[in-house]
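K.L.:
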Amino acid sequence: MNATVDPKKLIKGATGDWEVVIGMEIHAQVTSQSKLFSGASTEFGGDPNDHVSLVDAAMPGMLPVINAECVAQAIRTGLGLKAQINLRSVFDRKNYFYPDLPQGYQISQYKDPIVGEGEVLVDLPDGQQITVGIERLHLEQDAGKSLHDQSPTMSFVDLNRSGVALMEIVSKPDLRSSDEARAYVTKLRTILRYLGTCDGNMEEGSLRADVNVSVRRPGEPLGTRCEIKNVNSIRFIGQAIEYEARRQIGILEDGGKIDQETRLFDPGKGETRSMRSKEEAHDYRYFPDPDLLPLEFTQAYVDELKKGLPELPDEKKARFIAAYGVTAYDAGVLVAERAGADYFEAVAKGRDGKAAANWVINELFGRLNKDGKDVTSSPVSAAQLGAIVDLIGEGTISGKLAKDLFEIVWTEGGDPKEIVETRGMKQVTDTGAIEAAVDAVIAANPDKVEQAKAKPTMIGWFVGQVMKQSGGKANPQAVNDILKAKLGIE
Amino acid sequence: MSVDSATVRRIAHLARISVNEDEIAPLQNELNAILAFVEQLNEVDVAHVEPMTSVTPMQLRQREDKVTDGHYPNKIVANAPLTEDHFFLVPKVVE
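Residue numbers (the numbering used here), protein chains in the order written: chain W, 4 to 493; chain G, 259 to 353.
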């Protein structure tokens, strides 16, 4: 990945170009009913300390027992990242003190993670595709939550999240711009959601990113990095990287040097700032957790899980391009969410794939966006949209009226075919009726007729007038042909 | 392997154990005696021996993914010096 430098991605400083190098650690909450090492619920929210067992509260004598489903979810995710699955992995204790960590250590995996190297293919907005290396994925416990705004002198601690299983997914430093970083997280989120191993809900903290940023002159060795902790939206990830890269360039160009440190992103100010309190705490004294034996499973178990995996976004995209003739870009949009892809397929099956893609992306997704709705709660079903596409394909309605019809189905529901019948929305292909309308428009506008003879593009104005007279129901192609004949335009 | 007095202070700090200045030297001696004792293990050649993780040949026990515990916040905060609405209250820690 270091071989070529794309000049478009460089940042211009006062003294020349800089390359930003980004690696990410994504914390993805494992989708499971109960916690990694206890039987307490993982449900979001809940009353304070209600989803907490004595294990999560680290009461003396409590012992962790691993949740088999969390192990399966980590393996599925590893397979989805085309990564090496380690049949033997080890849980270690990462020691530090913090009020929301009652054990005084986090159970994590250090030297022997459950998943090793893999890769993610990432599509960039300009159509380019990059491969981002995955360094590892390991299982670990989440910490509790501290609230600092309830009292001027005290912090309030809720352990509901304590012990929930997380997958930490560590990328290689393969990203070279904030756009690439955003696209990577978006793609990773899509893969996790397809697999059903993490819901990807960033507002609820199910997906959080630690972003490592450094800058260097193109071709030079890696610079000193800063780690921006706990960024919880894709937009903020982009902003944090932009700010941090420019901050580091400013320091280096003024002859200073970068201190390796942990920083926090402040979304209000759009800045990163030093997180001083944790500086001295970076001595985690990892050691194997004596309460837990190594985690071992067979290749047969991995193979069985592999058989149960759904079609993943990359494969689905390739199939949509091949089977339905949609463009690579449209296919990328369609597969971004599994529910959207399923909807498209229901519309496209047995119909014109390009028309189906066009309607799903432009009309349906556009309308859902406008109303802040999800495809799963779309008022227009795939069958209804399919019927609309059929009506256009048969020439029963024009494209313009089809949009009106879509709006009617969206707000009132009903069978599109019936609506077209009962509301007289059928396209007029009867040339006699169209001819009459054309004659009327020509007779009423002799001046425009003269102009059109000199300037043939004027025909567009006539088509518009005739369509208006017909209430949008005239077949535009027929109108065009008849007009050309009557006006004597080639 | 042996530790110096600075390491003793650091270990004590990391473990949040308060140690008086006059305790440092005796602790350093004790820790070094323990380390020297354990160091005898280096005399054994274990290059071709699998690390033992359990005295009985057993595998990590796994449990089913079911909610079987929790819903007793009273018990969770019972020993806390200060609580409110089932939250633990601690002196303010803020970044």
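Every residue gets a Cβ at the ideal spot worked out from N, C-alpha and C, and that includes glycine.
Under DSSP, the alpha helix (DSSP H) around Arg268/G begins and ends at which residues?
P.N.:
Start and end: 263-272.
K.L.:
Looking at the strands, I want to know which residues DSSP matches up with Val313/G.
P.N.:
Bridge partners of Val313/G: none, in fact.
K.L.:
Determine the chain G residues that contact Ala43/W at a beta-carbon separation under 8 Å, and present them in chain order.
P.N.:
Per Cβ cutoff of 8 Å: Val325, Asp327, Gly328.
K.L.:
Nearest to Ser260/G by alpha carbon, out of Asp303/G, Val277/G, Asn287/G?
P.N.:
Comparing Cα positions, the closest option is Asn287/G.
K.L.:
So, helix, strand or coil for Pro316/W, using DSSP?
P.N.:
Three-state DSSP puts Pro316/W in a helix.
K.L.:
Identify which residue in Gly271/W, Asp182/W, Leu198/W, Trp413/W has its Cα closest to the Cα of Gly241/W.
P.N.:
Residue Asp182/W is the option with its Cα nearest to Gly241/W.
K.L.:
Take Asn235/W as the anchor and find which of Ile88/W, Leu255/W, Phe268/W, Glu424/W has the nearest alpha-carbon.
P.N.:
Of the candidates Ile88/W, Leu255/W, Phe268/W, Glu424/W, the one whose C-alpha sits nearest the C-alpha of Asn235/W is Phe268/W.
K.L.:
Once the 5 residues before and after Met4/W are set aside, which same chain residues still bring their CB inside 6 Å of it?
P.N.:
Only weak support is given to the placement of Met4/W: the predicted model assigns it a pLDDT of 45, under 50, and the value that follows is read from those uncertain coordinates. Cβ within range, chain order: Asp177.
K.L.:
By the criterion of Cβ-Cβ separation under 7 Å, what are the contact partners of Glu322/G in chain W?
P.N.:
Simply Ala71.
K.L.:
Is the distance from the Cβ of Val218/W to the Cβ of Ala243/W below 9 Å?
P.N.:
Contact flag unset, no.
K.L.:
If you draw a straight line from the alpha carbon of Asp257/W to that of Asp152/W, how long is it in whole angstroms?
P.N.:
So the alpha carbons of these two residues sit roughly 38 Å apart.
K.L.:
The beta strand (DSSP E) spanning Ser217/W covers which residue range?
P.N.:
It spans 210-219 - the beta strand (DSSP E) in which Ser217/W sits, taken as one unbroken run.
K.L.:
For a contact defined as C-beta to C-beta under 7 Å, what are the partners of Leu347/G on chain W?
P.N.:
Within chain W, the residues near Leu347/G are Met157, Phe159.
K.L.:
Using 8 Å as the Cβ pair cut-off and three pairs as the minimum, do the segment 197-206 of chain W and the segment 52-65 of chain W touch?
P.N.:
Flag = no, the segment 197-206 of chain W and the segment 52-65 of chain W do not touch.
K.L.:
Can you check whether the C-beta of Arg288/W is within less than 9 Å of a C-beta belonging to chain G?
P.N.:
For Arg288/W, the answer is yes, since a Cβ of chain G falls inside 9 Å of its Cβ.
K.L.:
Take the Cβ of Phe295/G as the centre, count every other Cβ of all protein chains shown within 10 Å, and call the residue buried at 16 or more, exposed below.
P.N.:
Label assigned to Phe295/G: exposed.
K.L.:
Tell me the DSSP secondary structure of Ala283/G in three-state form.
P.N.:
Looking at Ala283/G - three-state DSSP - the assignment turns out to be helix.
K.L.:
For Val74/W, go through chain G and note every residue whose CB falls closer than 8 Å to its CB, in chain order.
P.N.:
By Cβ distance, chain G contributes Gln320.
K.L.:
List the endpoints of the continuous beta strand (DSSP E) containing Trp21/W.
P.N.:
Trp21/W -> beta strand (DSSP E) spans 19-32.
K.L.:
Between the C-alpha atoms of Glu314/W and Cys229/W, what's the straight-line distance to the nearest angstrom?
P.N.:
Each residue's Cα considered, the two are about 37 Å apart.
K.L.:
Given that a residue counts as buried once 16 or more other Cβ atoms are within 10 Å of its Cβ, and exposed if not, what is Arg238/W?
P.N.:
Exposed, since its Cβ has fewer than 16 Cβ neighbours within 10 Å.
K.L.:
Report the CB separation of Phe290/W from Arg91/W in whole angstroms; it is logged as a contact under 8 Å.
P.N.:
Contact doesn't hold; Cβ gap of about 18 Å is too wide.
K.L.:
Are Val33/W and Ala168/W close, meaning C-beta to C-beta below 9 Å?
P.N.:
Contact flag set, yes.
K.L.:
Below 8 Å on the Cβ atoms is my contact criterion, and I expect Trp362/W with Val338/W to pass it. Report the Cβ-Cβ distance as a whole number of Å.
P.N.:
Actually they do not touch by this definition, with Cβ atoms about 17 Å apart.
K.L.:
Would you call the CB atoms of Ala440/W and Ser401/W closer than 9 Å?
P.N.:
Against a cut-off of 9 Å, the Cβ pair of Ser401/W and Ala440/W comes out as no contact.
K.L.:
Taking its Cβ as the centre, do 16 or more other Cβ atoms sit within 10 Å of Gln132/W, making it buried, or is it exposed?
P.N.:
That one is exposed.
K.L.:
Output the boundary residues of the beta strand (DSSP E) element that contains Ser149/W.
P.N.:
Segment 148-150, the beta strand (DSSP E) holding Ser149/W.
K.L.:
Is it right to say Ile88/W is buried, meaning 16 or more other beta carbons lie within 10 angstroms of its own, or is it exposed?
P.N.:
When all chains shown are included, Ile88/W counts as buried.
K.L.:
Which residue spans inside the segment 211-275 of chain W form an unbroken alpha helix (DSSP H) run of at least 4?
P.N.:
Counting whole runs of 4 or more residues, the segment 211-275 of chain W contains the alpha helix (DSSP H) stretches 237-256.
K.L.:
Decide yes or no for the touch test of the segment 131-148 of chain W against the segment 103-116 of chain W: beta carbon pairs closer than 8 Å, at least 3 of them.
P.N.:
Contact between the segment 131-148 of chain W and the segment 103-116 of chain W is present, because at least three Cβ pairs lie under 8 Å.
K.L.:
On the three-state DSSP scale, how would you describe Phe295/G?
P.N.:
In this structure, Phe295/G counts as helix in the three-state DSSP scheme.
K.L.:
Compare the C-beta of Gln298/G against all C-beta atoms of chain W and say whether one is closer than 9 Å.
P.N.:
Answer no: the Cβ-Cβ gap between Gln298/G and chain W never drops below 9 Å.
K.L.:
Should the segment 418-431 of chain W be regarded as contacting the segment 463-480 of chain W, the criterion being three or more beta carbon pairs within less than 8 Å?
P.N.:
Yes, they touch.
K.L.:
So with CB distances below 7 Å, who are the chain W contacts of Asp343/G?
P.N.:
In chain order: Pro51.
K.L.:
Pairs of beta-carbons, one from the segment 37-46 of chain W and one from the segment 201-212 of chain W, closer than 8 Å: are there three or more?
P.N.:
Judged by Cβ distances under 8 Å, the segment 37-46 of chain W makes no contact with the segment 201-212 of chain W, as fewer than three pairs qualify.
K.L.:
Counting C-beta neighbours from all protein chains within 10 Å, is the total for Ala109/W 16 or more, i.e. buried, or is it exposed?
P.N.:
Checking the sequence, you will find Gln at residue 109/W rather than Ala. With 16 or more Cβ atoms within 10 Å of its Cβ, Gln109/W is classed as buried.
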